[in-house]
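Engineer:
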Amino acid sequence: MAPPPLLPLSALLLLLLTAASHASAKPVVKVPTVSMHFAGGAEAALPPENYLIPVDSKGTFCFAFAGTDGGVSIIGNIQQQGFRVVFDGDGQRVAFVPKGC
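With this note's numbering, the residue at position 43 of the sequence shown is 62, and numbering never jumps.
(1) Just to confirm the assignment, what range does the beta strand (DSSP E) spanning Ile72 have?
(2) Can you tell me whether Ala85 is helix, strand or coil according to DSSP?
(3) Between which two residues does the alpha helix (DSSP H) containing Ile94 stretch?
(4) Beta-carbon within less than 7 Å of Leu31's beta-carbon, same chain only, minus the 5 sequence neighbours each way: which residues are those?
(5) I need the DSSP call for Pro51, collapsed to helix, strand or coil.
(6) Can you look up Leu31 in the DSSP assignment and give me helix, strand or coil?
(7) Below 8 Å CB to CB, which residues in the same chain sit around Ile97 once its five sequence neighbours on both sides are set aside?
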């Protein structure tokens with residue numbers, strides 16, 4: 020018998036968070052750290068609220084990342100929240116600094 024098909028990470032995470040929300044009134048779900056890695060070694064670690072969007076009052080969340088067909092990556096508003104984003108056009112750099120507030 021063939022093994023069951025594998026779920027994409029986003030579907031698995033949604034399933035786990037939904038199941039956990041039904042287990043108790045105030046679920047505590049630990050999620051992995053999501054970090055963006057850039058050329059030159061720069062890194063920005065995202066808190067869960069920057070990549071998990073609440074969908075309903077039952078504790079269901081949406082994984083806030085989507086793939087692209089091309090070589091373009093878009094860092095959206097959700098991922099940028101809580102950071103000061105500095106665009107250095109002359110130096111051709113972008114910096115992400117946690118606001119700390």
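By construction, the Cβ of each residue, glycine as well, lies at the ideal position given by its N, Cα and C atoms.
Structural biologist: To lay it out plainly:
(1) 71 to 73
(2) coil
(3) Premise fails: Ile94 is in no alpha helix (DSSP H) and is neither H nor E.
(4) Because the pLDDT of Leu31 is 48, which lies under 50, any placement of that residue in the model is unreliable, and the number read from its coordinates should be weighed accordingly. So the list is empty, once near-sequence residues are dropped.
(5) coil
(6) Interpretation of Leu31 is limited by its pLDDT of 48, a score under 50 that renders its predicted location unreliable; the figure taken from the coordinates is listed afterwards. Three-state result, Leu31: helix.
(7) Asn69, Tyr70, Ile72, Ala83
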